[in-house]
Structures are given as structure tokens and as C-alpha cells.
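Whatever position you read off the sequence shown (first residue = 1), add 30 for my numbering.
This report refers to the structure that appears directly beneath it.
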Amino acid sequence: FTWLYRIAYNTAIDKVRSQTNKTSKEIQMDASNVYMITSESLNQDVMDIKTHLKSLDEKYQIVINALFFEGMTQQEASDELEIPLGTIKSRLKIGLRELKKIYDPE
Numbered sequence: 031f032t033w034l035y036r037i038a039y040n041t042a043i044d045k046v047r048s049q050t051n052k053t054s055k056e057i058q059m060d061a062s063n064v065y066m067i068t069s070e071s072l073n074q075d076v077m078d079i080k081t082h083l084k085s086l087d088e089k090y091q092i093v094i095n096a097l098f099f100e101g102m103t104q105q106e107a108s109d110e111l112e113i114p115l116g117t118i119k120s121r122l123k124i125g126l127r128e129l130k131k132i133y134d135p136e
């Protein structure tokens with residue numbers, strides 16, 4: 031009877047393992063779908079921001095583009111654009127405030 035118990039035990043373990051693998055694969059597929067949806071909505075948000083960015087004064091556009099879309103630090107943008115760091119900071123603040131007004135006109 032020991033051998034019968036061992037067969038039943040091993041069969042049960044195999045069943046649990048196969049269910050775990052199926053669940054794991056389903057979770058992985060769901061996670062990849064979430065990423066795709068998030069990626070698509072993120073791309074749309076970026077396009078919306080770039081569209082609204084065009085309505086700002088060019089001096090604000092340049093700074094926001096350099097910092098957020100080109101990934102520069104404020105100091106790098108200051109060096110690259112040959113604009114004082116304080117001016118970069120103030121243009122960023124004013125530009126973001128103007129963008130906020132566009133998105134939330136209240």
C-alpha cells in the first residue's frame with residue numbers, strides 16, 4: 031500500500047505544479063497586456079503634452095523640451111543653451127505653470 035500512497039502523492043504534486051505554471055503564465059500575459067495599455071496611453075499623453083507645449087512661448091518650450099524630453103539636468107540645459115541656471119529654473123517654473131493652466135483652466 032505504500033507504493034499506492036506514493037503514486038497518489040506524486041500525482042497530486044504534479045497536478046499542483048502544473049496549475050501553478052498555468053497561473054504564472056496567465057499572470058505574465060496579463061502583466062504584459064497592462065504594460066501595452068499603459069505604454070499606449072503614455073504615448074498619447076506625451077503627444078498631448080507636446081501639442082500643448084507648442085502653444086507656449088518658445089523660451090519655455092525650449093527649456094521644458096530639454097529637461098523632460100531630452101533628459102537633461104538643469105545644469106546641462108544651462109550649459110547647452112548658454113542660459114544662466116537661474117533663468118532655466120524660472121522658465122521651467124513659469125512654463126509648467128502655463129501648461130497647468132492649459133490642462134486645468136480653473
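Ideal placement from N, C-alpha and C gives every residue a C-beta, glycine not left out.
Values in this document were obtained by computation on a predicted structure and should not be read as measured data.
Would a C-beta distance cut-off of 9 Å place residue i and residue j closer than the cut-off?
i, j, result
"residue 79", "residue 93", "no"
"residue 107", "residue 124", "no"
Here's a check: name, in chain order, each residue in its chain whose Cβ is nearer than 6 Å to the Cβ of residue i, leaving out the five neighbours to either side.
i, result
"residue 111", "none"
Once you ignore the five residues that flank residue i on each side, which residues in its own chain have a CB closer than 7 Å to its CB?
i, result
"residue 121", "89, 90 and 93"
Going by Cα to Cα distance, which pick from the options is closest to residue i?
i, options, result
"residue 87", "74, 129, 115 and 134", "129"
"residue 126", "36, 40, 85 and 38", "85"
Enumerate in chain order the residues of its own chain whose CB-to-CB distance from residue i is below 8 Å, with the five nearest sequence positions on each side excluded.
i, result
"residue 82", "129, 132 and 133"
"residue 73", "none"
"residue 104", "97, 115, 118, 119 and 122"
"residue 95", "83"
"residue 102", "96 and 110"
For residue i, count neighbouring C-beta atoms within 10 Å of its own C-beta (all shown protein chains included) and say buried if the count is 16 or more, exposed if not.
i, result
"residue 3", "Because the chain here runs from 31 to 136, residue 3 falls outside it and cannot be looked at."
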